[in-house]
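*Asks:*
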Amino acid sequence: EEEDDEDGIGEWERAYVDDRSWEELQEDESGLLRPIDNSAIYHAQYRRRLRAGTRIQKGLIRYLYIVIDFSRAAAEMDFRPSRMAIMAKHVEAFIREFFDQNPLSQIGLVSIKNGVAHTLTDLGGSPETHIKALMGKLEALGDSSLQNALELVHEHLNQVPSYGHREVLILYSALCTCDPGDIMETIQKCKKSKLRCSVIGLSAEMFICKHLCQETGGLYSVAVDEVHLKDLLLEHAPPPPAIAEFAIANLIKMGFPQRAAEGSMAICSCHKEVKIGAGYMCPRCKARVCDLPTECTICGLTLVSSPHLARSYHHLFPIAPFDEVPALSDNRRKLGKSCFGCQQSLIGAGNKPVPCVTCRKCKHYFCLDCDIYIHESLHNCPGCESIH
Amino acid sequence: MIFKIEDVTVYFPYDNIYPEQYEYMVELKRALDAKGHCLLEMPTGTGKTIALLSLITSYRLSRPDSPIKLVYCTRTVHEMEKTLGELKLLHDYQVRHLGTQAKILALGLSSRKNLCVNTKVLAAENRDSVDAACRKRTASWVRALSTENPNVELCDFFENYEKAAENALLPPGVYTLEDLRAFGKNRGWCPYFLARHMIQFANVIVYSYQYLLDPKVAGFISKELQKESVVVFDEAHNIDNVCIEALSVSVRRVTLEGANRNLNKIRQEIDSSYYIIEIVQLVGRFKATDAGRLRAEYNRLVEGLALRGDLSGGDQWLANPALPHDILKEAVPGNIRRAEHFVHVLRRLLQYLGVRLDTENVEKESPVSFVSSLNSQAGIEQKTLKFCYDRLQSLMLTLEITDTDEFLPIQTVCDFATLVGTYARGFSIIIEPYDERMPHIPDPILQLSCHDASLAIKPVFDRFQSVVITSGTLSPIDLYPRLLNFTPVVSRSFKMSMTRDCICPMVLTRGSDQLPVSTKFDMRSDPGVVRNYGKLLVEMVSIVPDGVVCFFVSYSYMDGIIATWNETGILKEIMQQKLVFIETQDVVETTLALDNYRRACDCGRGAVFFSVARGKVAEGIDFDRHYGRLVVMYGVPFQYTLSKILRARLEYLHDTFQIKEGDFLTFDALRQAAQCVGRVIRSKADYGMMIFADKRYSRHDKRSKLPGWILSHLRDAHLNLSTDMAIHIAREFLRKMAQPYDKAGTMGRKTLLTQEDLEKMAETGVQDMAY
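The listed protein sequences derive, respectively, from chains A and B.
The numbering of the first sequence is the working numbering, which starts it at -5 and goes up by one.
The numbering of the second sequence is the working numbering, which starts it at 177 and goes up by one.
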């Protein structure tokens, strides 16, 4: 009883009050409760995204700093268990996805705590280092300062080669920023050095974040819930359209190192210790490195393997978006009754046709799930491929 | 887009139109057709101004044989500029589509301070001293003198304007104040006098309320407007107060002292005039000079010539404070025809007022009994009083006094005298020896307060064919016709069509400890209520981004609550999240605070602004976009009900218009509250939350007086909230609003109509429109 008096609600109630799980239900025509069906909305969102980003030049070599706000507000519990934990969890997933899609790019991590920005990791191509550094110490303290973070990132990114795309992705949980100086100047500075700043807010729209994104050409979004946060993060995984100034083609010197022979011994240039077997050798200076892709620590040559290049390639030649098929067209009856991808029937319960799409080239039909899978993961149309 | 409303082709400068704008135009057109007055309530941010302008100008174009004139009254210079800006856009559009026949002359008129281009005149700090500085250079006698004495300084702009005489015309077009100044500078003509001259030729005039409502100004500015004019009062929710203020005068001790000094000066002037005449006779060189003028004036008054108009035309600057039809066309009474006698009368009047101010008790009197006691004690008759103002004007012109700002006190006193002498009903005289809230500081004040808003506006209703009263908050709409005593042909309230629910009103009745909160007199100082109010803000500032505005019911309440919050550490907690700014009675200080508040919002630091309902900020400052994501209205902003003036007015309203005391008070409080919370939303793309923090708002009789566009968003679930529930709703709302949205409203709710939509609608009728 005493506990109740303290903050008005008992522990058992709190779970409901905070979760408000009933809001995720809705009543259907027959009066049954069912979860709100969001799939149509999600698909529409996905189509919009697809349409926006077709056939434009993209920056494949990205230098991305992820800034995570671990100020006081990150300890709030409106995301379970806390904003901080959720942010870390999804950033981890994002880092993996990012390197999967952009093998030639590099990430660095910065955190804001107590009004000061700290570098967690420097730019690098190894997901494991970043994730380890990120998970190391989760705590939320003090105020947040957008300006300090921008200044720090700006300092770091100013040194990267000019062919790289400089990007900042800020996960911002606070609703204010305590800055030492004029943040507008910092924003202008970022704009000048072509930093593309994107912000994902965790609670509400802030003017300064919006302004920052508008000025630097980034995206600003606010997460509604955990799933949405994840989607918003992953939106940043595919490379953004190239900035006009960078659109001129550039020749970049790259090395394709050979895998060192089994059992050979060498001093690893990244860990500064003797290692046996595995690893790669820089073709220019013969230094040994552990992971690809990376930059040779001795001669500074960019080291990649050919699959990396190939994986980056699809961003430049994406599959044309599929056309939506109107529910009652004659063609549809005649042609496929099942999805060409997964072979599932395109006629749902009660002989009602399921919404589906068709490839412009091969005219095969696909269900919506396959549509997303083909465009986001496969990057090949099974229909067109099977013609060859 | 171009479309037809019945027989009028409307030219609308945008490609799309909101459904409520269309409806607004339809109603407005009906009122114009009926040549009657109308009351239209439409929320801010729906493009009221452009709808209004575009219909009236189009109406004018469709009736070329009887051109109507548009007189648009705004409250502030800023609004005036905005209106003219929109008109400019519209005008360009119409000219593009119709060619030169659509050309109109539209201009804004403001005081000399805003229009003057003479740098020396502009150096004066306030409005009155700019006026005086201008007169010093442009009065007819000064100009006459300068022909003999080249050292007298004149205003080149005015001289050039006078030289151009009839040729000084503005070419057709839309002129903002800035444009007028630029034009004046360019041509070397005085923009102020040019604008005043051009009023009679202009098709659209935009100026302040006072130019129509305050008889002192209206007398010579708006005299020549034709009957076929449409008068629009924009943001007119406070029009009754403006009307009342136009006819109310208050006299303090400083006023009397100033008036006494003025009289001494006038006396000196008169004496020196006579002195001169003696010298003149001795020397025998000049004929009539100053004294001659005084004599000539006397003769004129004896002959009973009308006071104004006969004097040199350009010099009118003091018109009678009484309404035109109440001024008797009589000769000035004999006892004040001579200047010396008039000065004596004024002295007696001042003495009498001084004695009355010395009272220890609060006194309330009707004008009739005041005049009779004045007559018995100071020997001044009612008729004499009535002519005070005109007589003073005449005397000051005769004495060629140009420092009009110095003579304000005596003008106030004469103003008072004339009003007391003219009106027997609808006024009362209240003498208070001290401010009720600070009883130990003697600050006597004598107020002549007008209770009847319909008095000042009556000539406007009588004179012009259509008067449009419009605002974002006119609820309850049936009360205004009663207050202003007129019968509108159309009175309607429009809702806002929105693609998303961008306003989120909430009624908070309990704190987080479930105890009721209110600013009711017996509860307001309860520490529990104060704490709950504080906690509400602490929680809110931590979840609302950028700007938060709080309105309190009065300055004293605000001071009290902030002091308590400071003691209990609540203020500190707020400051951790956001900076705190406070409105004070000092205008400069408040402007500075506002400026810094905006900067704090811009740079992401976030800020809270503490303000007072009925204050300057609540009336004129917008907190749109990130400058106000949340507004908290602490309590119901009732007027100070123990105020003698309010009591007298309530009595009068009850006796004359059968408006119940409680009804009027609630109406007045709720329109203020609506006005306050309405500050946060200025356009449809904007969003904001409104919290009414008082348990009394949950009662139907209070709530129902809020304007429809707020009520329609006030869901039942939001009517009886405690702090923690409000926090949750706010969080959800802010997240939802941060998502991208489509402006056209393709998801079923059509809020932007295109040309085709309108044509379709014209066939099927307006009723089918989806809200």
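We treat Cβ as the ideally placed atom computed from N, Cα and C, and that holds for glycine.
A quick note: this is a predicted structure, and the numbers were derived from the prediction, not measured.
If we count Cβ pairs, one from each stretch, closer than 8 Å, do we get three or more for the region 218 to 227 of chain B versus the region 638 to 649 of chain B?
*Replies:* Segments in contact, yes.
*Asks:* Going straight from the alpha carbon of Ile442 (chain B) to that of Phe843 (chain B), what length do you get?
*Replies:* Those two C-alpha atoms are separated by around 48 Å.
*Asks:* Only counting the same chain, and skipping five residues up and downstream in sequence, which positions put a Cβ closer than 6 Å to that of Gly924 (chain B)?
*Replies:* Low confidence applies to Gly924 (chain B): its pLDDT is 49, below 50, so where it sits in the model is not reliable enough to give any reading.
*Asks:* If we ignore side chains and look at the alpha-carbon of each, how far apart do Gly364 (chain B) and Phe333 (chain B) end up?
*Replies:* Approximately 5 Å, taken between the alpha carbons.
*Asks:* With 8 Å as the limit, tell me which residues of the region 702 to 724 of chain B have their beta carbon closer than that to any beta carbon of chain A; keep them in chain order.
*Replies:* So the list reads Ser718, Ile719, Val720, Pro721 and Asp722, given in the order they occur along the chain.
*Asks:* Among B:Cys726, B:Gln623 and B:Asp304, which has the Cα closest to the Cα of Pro813 (chain B)?
*Replies:* Checked all of B:Cys726, B:Gln623 and B:Asp304; the closest Cα to Pro813 (chain B) is B:Cys726.
*Asks:* Roughly how far, in whole angstroms, is the beta-carbon of Ala134 (chain A) from the beta-carbon of Phe64 (chain A), given that I think they are within contact range, below 8 Å?
*Replies:* Confirmed, about 5 Å.
*Asks:* Out of curiosity, what's the CA-to-CA distance linking Ile738 (chain B) and Gln915 (chain B)?
*Replies:* Approximately 35 Å, taken between the alpha carbons.
*Asks:* So that I know if they touch, is there some Cβ in chain B lying closer than 8 Å to that of Ser167 (chain A)?
*Replies:* No, because no Cβ of chain B sits closer than 8 Å to the Cβ of Ser167 (chain A).
*Asks:* Report yes or no: is there a C-beta of chain A within less than 8 Å of the C-beta of Leu910 (chain B)?
*Replies:* Chain A contact via Cβ: present.
*Asks:* Report the neighbours of Cys361 (chain A) on chain B: residues whose CB is nearer than 7 Å to its CB, in chain order.
*Replies:* Per Cβ cutoff of 7 Å: no residues; Cys361 (chain A) is ~25 Å from chain B at best.
*Asks:* Just to confirm before moving on: does the CB-CB distance between Leu163 (chain A) and His112 (chain A) stay below 8 Å?
*Replies:* No.
*Asks:* Got a sec? Which residues, its chain only, sit under 7 Å from Glu196 (chain B) by beta carbon, not counting five neighbours each side?
*Replies:* Result list for Glu196 (chain B): Met218, Thr222, Phe670, Lys671, Met672 and Ser673, in chain order.
*Asks:* Which residues does DSSP pair with Asp63 (chain A) in a beta bridge?
*Replies:* Bridge partners of Asp63 (chain A): A:Ile106.
*Asks:* Sort A:Cys170, A:Tyr157, A:Gly136 and A:Glu149 by Cα distance to Leu755 (chain B) and report the nearest one.
*Replies:* Checking every option, the nearest Cα to that of Leu755 (chain B) belongs to A:Cys170.
*Asks:* Report the start-end ranges of each beta strand (DSSP E) in the region 738 to 799 of chain B that is 3 residues or longer and not cut off at the edges.
*Replies:* Listed in chain order, the complete beta strand (DSSP E) runs (minimum 3 residues) inside the region 738 to 799 of chain B are 755 to 758 and 783 to 788.
*Asks:* Where does His159 (chain A) fall in DSSP's three states?
*Replies:* It is a strand residue.
*Asks:* Can the beta-carbon of Gly685 (chain B) be found less than 8 Å from the beta-carbon of Leu897 (chain B)?
*Replies:* Gly is not the amino acid found at residue 685 (chain B); the sequence shown has Thr there. Yes, the Cβ-Cβ distance between Thr685 (chain B) and Leu897 (chain B) is below 8 Å.
*Asks:* Please state whether the Cβ-Cβ distance between Ile679 (chain B) and Met937 (chain B) is less than 8 Å.
*Replies:* No, the pair does not count as a contact, with Cβ atoms beyond the cut-off.
*Asks:* Just the chain B side, please: which residues come within less than 9 Å of Cys378 (chain A) by C-beta, in chain order?
*Replies:* Chain B residues near Cys378 (chain A): none, gap ~33 Å exceeds 9 Å.
*Asks:* If distances are taken between C-alpha atoms only, which option among B:Gln752, B:Val717 and B:Gln270 comes closest to Tyr235 (chain B)?
*Replies:* If we check each option's Cα against that of Tyr235 (chain B), B:Gln270 comes out closest.
*Asks:* Answer with buried or exposed for Pro243 (chain B), where buried requires no fewer than 16 other C-beta atoms within 10 angstroms of its C-beta.
*Replies:* Result: exposed.
*Asks:* So, are the CB atoms of Ile606 (chain B) and Ile420 (chain B) less than 8 Å apart?
*Replies:* Cβ distance not < 8 Å, so Ile606 (chain B) and Ile420 (chain B) don't count as in contact.
*Asks:* If you compare alpha carbons, which of A:Ala68, A:His148, A:Arg66 and A:Tyr157 is closest to Ser99 (chain A)?
*Replies:* The option with the nearest alpha carbon to Ser99 (chain A) is A:Tyr157.
*Asks:* Determine, for Ser192 (chain A), whether the minimum Cβ-Cβ distance to residues of chain B falls below 8 Å.
*Replies:* Judged by the 8 Å Cβ criterion, Ser192 (chain A) is not in contact with chain B.
*Asks:* For Pro692 (chain B), which residues from the same chain have a beta carbon less than 7 Å from its beta carbon, with the 5 sequence-adjacent residues on both sides left out?
*Replies:* Correct list, in chain order: Thr685, Arg686 and Lys871.
*Asks:* Could you check which residue in A:Ser258, A:Ala255, A:Ala281 and A:Cys276 has the C-alpha nearest to that of Lys266 (chain A)?
*Replies:* Selected option, being the one with the closest Cα: A:Ala281.
*Asks:* Name the DSSP bridge partner or partners of Pro692 (chain B)?
*Replies:* In the DSSP output, where bridge partners are listed per residue, Pro692 (chain B) has B:Arg686.
*Asks:* Looking at Phe250 (chain A): is its Cβ nearer than 8 Å to the Cβ of Val298 (chain A)?
*Replies:* Yes.
*Asks:* Using a threshold of 8 Å, state whether the C-beta atoms of Phe334 (chain A) and Asp365 (chain A) are closer than that.
*Replies:* Taking 8 Å as the Cβ cut-off, Phe334 (chain A) and Asp365 (chain A) do not qualify as a contacting pair.
*Asks:* Once the 5 residues before and after Ser461 (chain A) are set aside, which same chain residues still bring their CB inside 8 Å of it?
*Replies:* The structure shown has nothing for residue 461 (chain A), since chain A only spans -5 to 382.
*Asks:* Output yes or no for whether 8 Å exceeds the beta carbon distance between Ile181 (chain A) and Gly780 (chain B).
*Replies:* It is not a contact, given that the beta carbons lie outside the stated cut-off.
*Asks:* Is the Cβ-Cβ distance between Cys249 (chain B) and Val408 (chain B) less than 8 Å?
*Replies:* Yes, the Cβ-Cβ distance between Cys249 (chain B) and Val408 (chain B) is below 8 Å.
*Asks:* Could you check the C-alpha separation between Val942 (chain B) and Lys264 (chain B) for me, to the nearest Å?
*Replies:* Note on Val942 (chain B): pLDDT 49, under 50, position unreliable in the model; the coordinate value appears next. Straight-line Cα distance between these residues: approximately 29 Å.
*Asks:* Between which two residues does the beta strand (DSSP E) containing Asp619 (chain B) stretch?
*Replies:* Here the beta strand (DSSP E) through Asp619 (chain B) covers Pro618 to Cys626.
*Asks:* Against chain A, which members of the region 763 to 780 of chain B pass a CB distance test of less than 7 Å?
*Replies:* Result list: Cys777, Asp778, Cys779 and Gly780.
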